[in-house]
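Accompanying notes for the structure given below.
Number of protein chains: 2
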Amino acid sequence: MSRDVSDSELRPALHRVADMIADDLQDVGQYPVMPRVRPGEVASMLPGSPPSEGESLNRILDDYARIIEPNITHWNHPGFLGYFSITGSGPGILGEALSAALNVNAMLWRTSPAATELEERVCDWLRQMLGLPEVFRGHINDTASISTMLALAAARHVQPGLEVRELGLAGRPDIPELVVYTSDQAHSSCDKAAMTLGLGLRQVRRIESDEQFRMRFESLVEAVEADRRAGRRPMAVVATAGTTSTTSVDPIDRIAELCHREGLWLHVDAAYAGSAAICPELRDLFCGWERADSIVFNPHKWLFTPFDCSVLLMRDVDRLKSAFSLVPDYLKTDEEDVTNLMDLGVQLGRRFRSLKLWMVIRAFGVEGLRDRIREHCRMAQDLASLIDEESDFEVVAPVPFSVVCFRWLAGDSPEQQDHRNEALLNEINAQGPVFLSSTKLDGRTTLRTAIGNLKTTDQHIQDAWQIVRSAADRLAADQLR
Amino acid sequence: MSRDVSDSELRPALHRVADMIADDLQDVGQYPVMPRVRPGEVASMLPGSPPSEGESLNRILDDYARIIEPNITHWNHPGFLGYFSITGSGPGILGEALSAALNVNAMLWRTSPAATELEERVCDWLRQMLGLPEVFRGHINDTASISTMLALAAARHVQPGLEVRELGLAGRPDIPELVVYTSDQAHSSCDKAAMTLGLGLRQVRRIESDEQFRMRFESLVEAVEADRRAGRRPMAVVATAGTTSTTSVDPIDRIAELCHREGLWLHVDAAYAGSAAICPELRDLFCGWERADSIVFNPHKWLFTPFDCSVLLMRDVDRLKSAFSLVPDYLKTDEEDVTNLMDLGVQLGRRFRSLKLWMVIRAFGVEGLRDRIREHCRMAQDLASLIDEESDFEVVAPVPFSVVCFRWLAGDSPEQQDHRNEALLNEINAQGPVFLSSTKLDGRTTLRTAIGNLKTTDQHIQDAWQIVRSAADRLAADQLR
Numbered sequence: 010m011s012r013d014v015s016d017s018e019l020r021p022a023l024h025r026v027a028d029m030i031a032d033d034l035q036d037v038g039q040y041p042v043m044p045r046v047r048p049g050e051v052a053s054m055l056p057g058s059p060p061s062e063g064e065s066l067n068r069i070l071d072d073y074a075r076i077i078e079p080n081i082t083h084w085n086h087p088g089f090l091g092y093f094s095i096t097g098s099g100p101g102i103l104g105e106a107l108s109a110a111l112n113v114n115a116m117l118w119r120t121s122p123a124a125t126e127l128e129e130r131v132c133d134w135l136r137q138m139l140g141l142p143e144v145f146r147g148h149i150n151d152t153a154s155i156s157t158m159l160a161l162a163a164a165r166h167v168q169p170g171l172e173v174r175e176l177g178l179a180g181r182p183d184i185p186e187l188v189v190y191t192s193d194q195a196h197s198s199c200d201k202a203a204m205t206l207g208l209g210l211r212q213v214r215r216i217e218s219d220e221q222f223r224m225r226f227e228s229l230v231e232a233v234e235a236d237r238r239a240g241r242r243p244m245a246v247v248a249t250a251g252t253t254s255t256t257s258v259d260p261i262d263r264i265a266e267l268c269h270r271e272g273l274w275l276h277v278d279a280a281y282a283g284s285a286a287i288c289p290e291l292r293d294l295f296c297g298w299e300r301a302d303s304i305v306f307n308p309h310k311w312l313f314t315p316f317d318c319s320v321l322l323m324r325d326v327d328r329l330k331s332a333f334s335l336v337p338d339y340l341k342t343d344e345e346d347v348t349n350l351m352d353l354g355v356q357l358g359r360r361f362r363s364l365k366l367w368m369v370i371r372a373f374g375v376e377g378l379r380d381r382i383r384e385h386c387r388m389a390q391d392l393a394s395l396i397d398e399e400s401d402f403e404v405v406a407p408v409p410f411s412v413v414c415f416r417w418l419a420g421d422s423p424e425q426q427d428h429r430n431e432a433l434l435n436e437i438n439a440q441g442p443v444f445l446s447s448t449k450l451d452g453r454t455t456l457r458t459a460i461g462n463l464k465t466t467d468q469h470i471q472d473a474w475q476i477v478r479s480a481a482d483r484l485a486a487d488q489l490r
Numbered sequence: 010m011s012r013d014v015s016d017s018e019l020r021p022a023l024h025r026v027a028d029m030i031a032d033d034l035q036d037v038g039q040y041p042v043m044p045r046v047r048p049g050e051v052a053s054m055l056p057g058s059p060p061s062e063g064e065s066l067n068r069i070l071d072d073y074a075r076i077i078e079p080n081i082t083h084w085n086h087p088g089f090l091g092y093f094s095i096t097g098s099g100p101g102i103l104g105e106a107l108s109a110a111l112n113v114n115a116m117l118w119r120t121s122p123a124a125t126e127l128e129e130r131v132c133d134w135l136r137q138m139l140g141l142p143e144v145f146r147g148h149i150n151d152t153a154s155i156s157t158m159l160a161l162a163a164a165r166h167v168q169p170g171l172e173v174r175e176l177g178l179a180g181r182p183d184i185p186e187l188v189v190y191t192s193d194q195a196h197s198s199c200d201k202a203a204m205t206l207g208l209g210l211r212q213v214r215r216i217e218s219d220e221q222f223r224m225r226f227e228s229l230v231e232a233v234e235a236d237r238r239a240g241r242r243p244m245a246v247v248a249t250a251g252t253t254s255t256t257s258v259d260p261i262d263r264i265a266e267l268c269h270r271e272g273l274w275l276h277v278d279a280a281y282a283g284s285a286a287i288c289p290e291l292r293d294l295f296c297g298w299e300r301a302d303s304i305v306f307n308p309h310k311w312l313f314t315p316f317d318c319s320v321l322l323m324r325d326v327d328r329l330k331s332a333f334s335l336v337p338d339y340l341k342t343d344e345e346d347v348t349n350l351m352d353l354g355v356q357l358g359r360r361f362r363s364l365k366l367w368m369v370i371r372a373f374g375v376e377g378l379r380d381r382i383r384e385h386c387r388m389a390q391d392l393a394s395l396i397d398e399e400s401d402f403e404v405v406a407p408v409p410f411s412v413v414c415f416r417w418l419a420g421d422s423p424e425q426q427d428h429r430n431e432a433l434l435n436e437i438n439a440q441g442p443v444f445l446s447s448t449k450l451d452g453r454t455t456l457r458t459a460i461g462n463l464k465t466t467d468q469h470i471q472d473a474w475q476i477v478r479s480a481a482d483r484l485a486a487d488q489l490r
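Chains as they are written, first to last, in our numbering: chain A, 10 to 490; chain B, 10 to 490.
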């Protein structure tokens with residue numbers, strides 16, 4: 010007899026969860042995006058020790074509805090406009106539920122033929138959708154942080170004469186510092202990769218960006234030259250298509266040319282904006298990425314796929330494989346000429362992530378996905394126009410995709426303005442219907458509105474702007490009092 | 010209007026998936042564990058390009074049932090006895106489905122208070138269940154490969170005078186090789202961590218194991234001394250509680266003493282066998298792990314939680330935080346004294362993995378989980394007894410938990426015996442009802458039977474043994490012909 014929960018208890022619970030999910034997707038917009046909860050409040054509702062005896066699924070689901078669901082930040086809310094706004098879409102949720110039930114570990118082809126071959130096929134679909142050459146091979150990781158770390162590990166691995174995999178970097182007076190170049194707008198994952206790989210934060214050159222927050226190409230060239238003169242070894246450039254703060258795009262084409270000339274690895278971080286490349290009219294922004302050595306693109310960001318799903322596209326996947334493949338006796342198999350996903354990174358275990366991505370692409374279709382991306386970009390333009398109409402607000406960066414950075418022009422000094430914008434953000438987020446985040450641009454506090462949820466409509470954007478406007482008016486009035 | 014799939018299409022699809030999951034959990038035992046499919050066969054059933062227009066969820070689910078489900082290796086099958094046998098249990102599946110719908114990214118406390126606080130609470134429940142001191146703090150990663158890499162990164166970070174985070178390891182004639190010690194039975198994740206962190210495979214000392222496949226303590230002591238004499242710096246020991254091939258347990262107590270004396274970091278890999286420590290009568294095997302600096306334990310292995318869920322327990326979590334914390338402007342928040350999970354590793358994005366673990370622990374209760382672990386251990390003992398009764402089979406390693414390693418004593422030479430055992434494995438797995446894996450012990454091919462699925466019953470084990478016995482008889486008869 011199975012020692013799992015019985016079918017007579019589980020099946021109704023699965024149907025209850027089906028309705029909870031459908032209800033939540035319908036109703037989520039009615040909750041505050043960010044729960045009104047203080048640190049420690051959720052913990053105080055949870056027993057300090059685990060239960061000794063098992064409890065009914067219904068009771069657990071009741072507690073879920075009472076303790077957990079009201080106290081999460083609702084990333085799947087149409088008013089979630091912070092960080093990068095994402096969507097756990099219906100088709101993706103179906104895929105994740107099935108994947109949990111199958112519970113396959115696709116570490117080897119043998120341990121799940123369909124999971125391995127679907128992953129390869131769906132990554133190739135993505136490659137075609139992005140307009141990248143056939144030579145690129147994709148596989149799925151959990152996060153862009155890992156994808157970028159793997160890419161830079163491959164870049165380190167192919168450094169001639171180093172044999173880092175075998176010999177490491179420590180205790181070797183013969184080898185120079187290995188330098189990675191990226192912009193001052195690049196994602197922190199680049200720094201984390203350098204820390205983890207033993208390159209060191211000091212060997213990450215944060216090249217200054219221009220007035221549109223794109224890496225200054227001339228500064229990059231100078232930095233590479235300076236490092237060569239100093240006896241260091243320039244290793245890789247991480248160019249960003251869609252930076253985290255403003256979604257600016259580095260001059261990839263020129264950077265690719267430099268990398269080719271100087272023998273540097275080019276990694277393109279298109280984790281968020283890669284989705285836009287499925288629209289032919291937006292693809293010009295990515296010009297040059299087809300010459301990259303590696304590209305990371307996260308369908309869990311702006312392609313409506315539940316978190317986590319990060320695709321690493323490699324020009325020569327064998328370079329990744331030779332950096333990481335290592336087959337212990339207990340994992341040797343007979344199959345030849347098959348992909349064993351464990352060969353492509355640190356993680357041995359591989360979740361069946363392609364299932365949800367397959368369902369998302371099929372349910373919406375390429376044209377349907379393009380429509381949705383275009384809608385989000387249009388909504389961002391509309392919001393930018395709304396902001397531009399106000400004399401006391403300013404859009405502070407170009408809007409190439411679906412993120413709008415703006416600032417309230419309040420306060421007499423830059424410091425005061427920062428302070429007022431921080432207060433404004435707190436006031437906005439305290440209302441409930443929307444959630445925005447902030448960043449610093451040129452050292453100044455800036456608010457961000459990211460559009461990426463499928464349930465976000467024009468009405469939500471108009472409402473969001475009204476909330477911002479009213480909050481600013483209230484704060485201004487308080488100031489006068 | 011939402012651009013996601015409409016409720017009128019999604020809700021019935023969610024209910025259909027609820028039944029598909031319940032049916033699959035009931036019927037999975039009727040399929041062959043390993044699908045009868047050749048490399049490329051699944052790919053040939055998938056269109057070479059993505060669909061231009063969206064398709065109905067029902068059609069996609071039909072294709073799932075036709076192409077995907079029959080062609081996975083059924084890890085959730087009662088006859089899956091390979092590698093480490095796992096369970097995607099009912100309660101865990103509910104948790105994963107809900108988690109996909111919430112789609113939270115718990116990178117910051119603010120980005121999901123309940124996900125952050127539930128993760129902390131549930132990891133503390135586990136700590137109590139494992140009998141570990143209060144000082145340990147846990148958090149959840151995807152895999153043990155990542156958990157072990159993070160632990161060794163922390164070990165590297167606390168090396169006095171190195172400042173690896175800032176300065177890296179390359180181009181520094183002042184620093185010595187950093188050495189990691191583990192046994193010749195340890196998991197390959199230790200090697201992958203050394204490769205990734207820039208320590209190099211050559212700085213991993215694979216200490217020989219004894220006749221019971223436990224690290225030889227004396228050899229460890231000698232290796233540490235030899236490295237010190239040679240001017241290298243011993244950094245960390247990775248001791249295993251439950252090795253991958255035989256589930257042997259290293260002499261953790263003595264190793265902990267050595268690490269204390271020599272200032273070495275002790276990381277305990279209890280990814281699989283940690284579950285056994287919830288049973289007080291089995292906890293003696295783990296003696297000494299309470300002195301470890303870090304411990305990895307995977308509830309997704311033998312605690313009935315769907316993949317992925319790997320818990321890293323840190324004696325001093327601030328050492329991990331200081332190795333990895335890095336807060337860019339776009340992620341700065343006001344909250345003080347809260348846990349921001351992104352500080353604890355490479356990955357910025359954090360899936361809501363504690364939800365499924367919470368549901369599993371509550372649904373079964375601590376006593377219920379203990380019962381199930383004990384049952385699996387008893388079944389392994391029973392299988393070992395069955396094997397011991399046969400004159401032409403041999404159990405080749407102790408059975409402390411739920412894995413039985415055995416060998417068919419066929420063939421006149423060691424090479425012939427290896428060959429026969431490989432043929433036997435293929436013959437067994439070709440039958441369908443069971444799936445075993447193999448390893449090498451002392452260089453000799455060995456078959457492994459791992460018991461860890463909740464649906465596996467005494468009958469399945471008896472049937473499995475009959476399949477092994479008959480397959481051996483057939484091969485022996487063929488040989489005589």
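Virtual Cβ for every residue (Gly too), placed ideally from N, Cα, C.
Min CB distance residue i to chain B below 7 Å
i: V26 (chain A); result: yes
i: N67 (chain A); result: no
i: G180 (chain A); result: yes
i: P289 (chain A); result: no
i: K449 (chain A); result: yes
i: N430 (chain A); result: no
i: T82 (chain A); result: yes
i: E220 (chain A); result: no
i: P185 (chain A); result: yes
i: D33 (chain A); result: yes
Own chain, CB closer than 6 Å to residue i, minus 5 neighbours either side, in chain order
i: K464 (chain A); result: P87
i: L312 (chain A); result: S284
Residue i versus residue j - alpha carbon distance
i: I76 (chain B); j: D193 (chain B); result: 41 Å
i: L187 (chain A); j: R242 (chain A); result: 5 Å
i: G297 (chain B); j: G57 (chain A); result: 25 Å
i: Y190 (chain A); j: V213 (chain A); result: 6 Å
i: A52 (chain A); j: R68 (chain A); result: 18 Å
i: L275 (chain B); j: L206 (chain A); result: 21 Å
i: L484 (chain A); j: D401 (chain A); result: 13 Å
i: E50 (chain B); j: G170 (chain A); result: 41 Å
i: D317 (chain B); j: L178 (chain A); result: 31 Å
i: R270 (chain B); j: N112 (chain B); result: 46 Å
i: R12 (chain A); j: S94 (chain B); result: 15 Å
Within chain A, the residues that residue i reaches when beta carbons sit closer than 9 Å
i: W417 (chain B); result: Simply none; closest approach about 17 Å.
Neighbour flag for residue i against chain A, beta carbons, 7 Å
i: V339 (chain B); result: In the sequence under discussion, the amino acid at residue 339 (chain B) is Tyr, which differs from the Val named in the question. By this cut-off, Y339 (chain B) is an interface position.
Where residue i meets chain B, residues with beta-carbon distance less than 9 Å
i: Y73 (chain A); result: L103, G104, L107, L364, W367 and M368
i: F402 (chain A); result: Correct list: empty, because the minimum Cβ distance to chain B is about 20 Å.
Interface partners of residue i on chain A, CB under 8 Å
i: F506 (chain B); result: No information on residue 506 (chain B) is available, as it lies outside the stretch 10 to 490 that chain B covers here.
Other residues of its chain near residue i: CB distance less than 7 Å, five sequence neighbours each side excluded
i: W134 (chain A); result: I370
Is the stretch 14-22 of chain B close to the stretch 420-438 of chain A, with three or more CB pairs under 8 Å?
-> no
Decide if the stretch 301-310 of chain A is in contact with the stretch 330-343 of chain A; the criterion is three or more beta carbon pairs, one per stretch, under 8 Å apart.
-> no
Counting pairs of Cβ atoms below 8 Å between the stretch 357-374 of chain B and the stretch 389-397 of chain B, do you hit three or more?
-> no
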